[in-house]
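>
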Amino acid sequence: LGRKVAAHAHGTEGIKLAVRAGVSSIEHGSFLDEEGARMMSQRGTFLVPTLMAGETVEKFAKNGVLKGLRAEKALAAAAAMRKGVKLAVANHVPIALGTDAGVIPHGTNAREFGLMVEWGGLTPMASLNAGTLNAAKLLGWDARVGSLAPGKLADIVAVPGDPLTDIHVTERVGFVMKGGVIYKGAGAESR
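In our numbering, the protein residues as written are 15 to 205.
(1) Roughly how many whole angstroms lie between the Cα atoms of I196 and V171?
(2) Specify the secondary structure class of F45 as computed by DSSP and reduced to three states.
(3) Does the beta-carbon of V33 have 16 or more other beta-carbons within 10 angstroms, so that it is buried, or is it exposed?
(4) Taking the alpha-carbon positions, what's the T137 to V183 distance?
(5) Can you tell me whether H106 is buried or exposed, with buried defined as 16 or more other CB within 10 angstroms of its CB?
(6) How is H120 classed by DSSP in three states: helix, strand or coil?
(7) Return the residue from the list G193, A124 and D47 that minimises the CA-CA distance to L162.
(8) CA-CA distance, R57 and A35?
In structure tokens:
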């Protein structure tokens, strides 16, 4: 049908079933195993790991918001997410940045870049690519956005430092240009 399909899949078998069915991406992929990672790589299925969701439930378990079996499950899921992203990286699975909207507050999604590096073992450049060109490829928009190139939309952000040496500077955006219009920083019109 020519449609992109994202599968919300946490469990090992659910991930594999979705990949076999031909989905475009696995959202979360919490319990991704070696076989699932190989399948995703062979088929070009993207992983959108939503590590901020794992970080959030891990914090809830550690600070007592979740108790008993719920806390144990949350801690196991967070540990599995770390392992799964590393398996995806080792198997050359394409990774795109995404968050769990509704769980993660809007405006904090840049934290995902750091988690991809710290939890998943991505390089800072691979993490940046996950949020730019890879995300655009997953959506089928890479001819228009995702990288700076002639003919593409002029969507640019600037941060106070080098994200290749400190990925967390992505959390402090000081300049935003979208479609050639400055929305934040020097030259921004009041909106």
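C-beta: ideal position from N, C-alpha, C; glycine also.
Every value quoted in this text rests on a predicted model; they were computed, and no experiment measured them.
Concretely, from the data shown:
(1) Taking the sequence shown and counting its residues from 1, the one referred to as residue 196 is at position 182. Taking the sequence shown and counting its residues from 1, the one referred to as residue 171 is at position 157. Spanning the two alpha carbons is a distance of roughly 10 angstroms.
(2) Residue mapping note: residue 45 aligns to position 31 of the sequence shown, counting from 1. Reduced to three states, the DSSP call for F45 is coil.
(3) One-based indexing of the sequence shown puts residue 33 at position 19. Buried, since its Cβ has 16 or more Cβ neighbours within 10 Å.
(4) For the purposes of this step, residue 137 is taken as residue 123 along the sequence shown, with counting starting at 1. For the purposes of this step, residue 183 is taken as residue 169 along the sequence shown, with counting starting at 1. Their backbone Cα atoms lie some 15 angstroms apart in a straight line.
(5) Translated into positions along the sequence shown, residue 106 becomes position 92. Looking at its Cβ environment, which holds fewer than 16 other Cβ atoms inside 10 Å, H106 is exposed.
(6) The residue labelled residue 120 in the question sits at position 106 within the sequence shown. Reduced to three states, the DSSP call for H120 is coil.
(7) The residue you call residue 162 lines up with position 148 of the sequence shown. L162 has its Cα closest to that of G193, out of G193, A124 and D47.
(8) Walking along the sequence shown from the start, residue 57 turns up at place 43. Walking along the sequence shown from the start, residue 35 turns up at place 21. Near 11 angstroms, if we compare the C-alpha coordinates of A35 and R57.
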